[in-house]
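Let me begin by presenting the structure, written as structure tokens, before commenting on it.
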Amino acid sequence: MKVCKFGGTSVASAQQIKKVTAIIQSDPSRRIVVVSAPGKRFSGDVKVTDLLIELAHKALAGDSVEALLATVVERYAQLAEELNLGNAIVDLITQDLWSRLSADKGYKELYMDRIKASGEDNSAKLISAYFVSVGLPAEYRNPWDAGLLVNDLPGRAQALPESYSRLSSLQDADGISVFPGFFGYTRDGVLRTFERGGSDITGAIIAASVKAELYENFTDVDCVFAANPTVIENPAEIAQMTYREMRELSYAGFAVFHDEALMPAFKEAIPVCVKNTNHPAAAGTMIVRERDSSERPVTGISADSGFSTLYVSKYLMNREIGFGRKLLQILEDDDVSYEHIPSGIDNLSVIIRSHQLTPAKEARIIQRIKDELQADDIHIRSDFSMVVLVGEGMNNTTGLAARAAGAIARTGANIEMINQGSSEVSLVFGVLKHDETKILKELYREFFEPALVR
Ligand code: ASP
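Going by this note's numbering, the first residue of the sequence shown is number 51, and it counts up by one from there.
Structure, rendered in structure tokens:
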């Protein structure tokens, strides 16, 4: 059996939902369908999830919600009309939204999660009604009834281990199960959403639970590209990559597949295929456990901005037992996670995603490091980008780091940090944000268009 997940653009219009239907009809092994909320229909359009977030904010602020609610309902009403579904489904969705809006606002995060999740939930109800109307034996499945249990983190929940055995019974369900992505329930029955883009996670959890032969992730591109197509013109298509490679690439900006969605697939070795709803005949990108990396050591290059560096130096730091632990404790106390810690003998830098920092937090952290660790020098710099070179073949290819550093040198940019994790599947360069694009372009030429390199 195959589990198929359709992203926001795949379910944004009646025309797209008809394509989804044809894809399901064309292969009887496609028995579980996970759907997103309706996404953008055209560039400049607004995703239903974003409308819902705004709606929840308005309601929480006590502002009038009627106009925005009507905009949300209209998105579904237009789908229902163009799919000839009649008004009953629109009434159901309208009532559902009103009941979520009139729920207790005491727990703001719960209120927000409930409203956000309605995007996927109502999308699944509508699509399953459409499947039935064209003769497919489909049924909407609710994540609570099906057993998708998650922990208690609002807006970034994670599946509990028992979900997998509970959800495994979906493999015995008759017909086609239509499952809303993006949310689950705590053991106490409280709704929680995953991180943004989290319908990929739902699909992966279900695919792992039913031990699917394949998890197909349908989106609006033919495949995963070796670099960001908005920066590199016609980048190379990746036919096959490993879970680790996808994980490393999505870490720094490859948004095509949520990084958290890889773990469930990886654990059960479920192959993942990224495919295009608009062009289902294209082979897509297969994400698998192992691949032959001999001919292509570098699979892709990603780049992401929004990083800060906390620089700390202290003479004889290397001999001070517990220095690193105490430093990280200070960050933990302020709820800050770190990405990399490149270190010297008497200094270290902690690379942090900047969105976690505020001026007040920075001042508090610096003060505590001064007082408690008696560091000689401490400062925080923002505006860094991480450029990541990813490939399974890296650990047995000599000279690769030299080539990468040479390519960066050609751009005239300075490398602020280099980090190669022990897995040697990636090489990370910390650079100034304003150098990011030119570095990405030059690295791409070096590894994918070597004939063009002077
Ligand atoms: N609709 C949610 C979002 O926009 C989840 C998803 O589509 O995966 O983030």
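A virtual CB, placed ideally from N, CA and C, is assigned to each residue, including glycine.
Computed from a prediction, not measured in an experiment: that's the story for all the values here.
For Val260, no alpha helix (DSSP H) segment is defined, and its DSSP state is neither H nor E. Under the three-state reduction of DSSP output, Val122 falls in the helix class. Within 10 angstroms of the beta-carbon of Asn134 lie fewer than 16 other beta-carbons, which makes it exposed. With a threshold of 7 Å, the Cβ atom of Arg246 counts as near ligand 1, since some heavy atom of the ligand is closer than that. Per DSSP, Leu398 is one residue of the beta strand (DSSP E) stretching across 397-403. The Cβ atoms of Val362 and Ile401 lie no closer than 8 Å to each other. Ser79 sits exposed, since fewer than 16 C-beta atoms from the chains shown fall within 10 Å of its C-beta. According to DSSP, residue pairing for Glu287 in a beta bridge involves Phe275. Sorting Val475, Val240, Ser300 by C-alpha distance to the C-alpha of Asn445 places Val475 at the top. By alpha-carbon distance to Val83, the top candidate from Ser227, Gly89, Ser387, Val96 is Ser227. Within 10 angstroms of the beta-carbon of Tyr365 lie fewer than 16 other beta-carbons, which makes it exposed. Three or more Cβ pairs closer than 8 Å define a contact, and the stretch 211-220 falls short of that threshold against the stretch 270-283. The stretch 222-242 and the stretch 184-200 touch, with no fewer than 3 CB-CB distances between them shorter than 8 Å. Per DSSP, the unbroken alpha helix (DSSP H) holding Ser173 starts and ends at 158-183.
Between Glu496 and Ser435, the C-beta spacing is not below 8 Å.
The three-state reading of DSSP puts Pro230 in strand, counting E and B together. Looking only at Val348, Phe373, Ile415, Ile428, the smallest Cα-Cα distance to Val438 is reached by Val348. Pairing Ala319 with Glu212, the inter-Cα distance amounts to about 18 Å. Across the set Glu131, Gly112, Ala179, the C-alpha of Gly112 shows the shortest separation from the C-alpha of Leu151. In terms of side-chain proximity, the C-beta atom of Gly169 is found nearer than 7 Å to a non-hydrogen atom of ligand 1. Scanning Ala72, Leu398, Ser60, Ser63 for the CA closest to the CA of Leu186 turns up Ala72. Distance from the C-beta of Thr99 to the nearest heavy atom of ligand 1 is below 7 Å. Ligand 1 approaches Asp250 closely enough that one of its heavy atoms is under 7 Å from the residue's Cβ.
Annotation: Ala109 is outside any beta strand (DSSP E); the continuous alpha helix (DSSP H) that includes it extends over 98-111. Beta-bridge partners of Arg242 (DSSP): Gly234.
With distances taken between CA atoms, Thr269 lies nearest to Val61 out of Ala174, Lys483, Val61, Ile282.
A check of alpha carbon separations from Gly350 across Gly334, Pro321, Gly303 identifies Gly303 as the nearest. Taking C-beta atoms as the reference points, Arg403 and Phe357 count as a pair closer than 8 Å. The three-state reading of DSSP puts Asp427 in strand, counting E and B together. Straight across, the Cα-Cα distance linking Glu283 with Glu266 is about 26 Å. Of the candidates Leu377, Ile395, Asp396, Leu377 places its Cα closest to the Cα of Ser387.
Taking C-alpha positions only, Asp171 is separated from Gly247 by approximately 15 Å. Comparing alpha carbon positions, the residue from Lys68, Tyr126, Arg206 closest to Glu159 is Arg206.
Inter-residue distance for Glu295 and Leu398 is about 27 Å (C-alpha atoms, whole angstroms).
Note on Asp250: 16 or more other CB atoms within 10 angstroms of its CB, so buried under the neighbour-count rule. For Thr144, the uninterrupted alpha helix (DSSP H) run begins and ends at 138-151, by DSSP.
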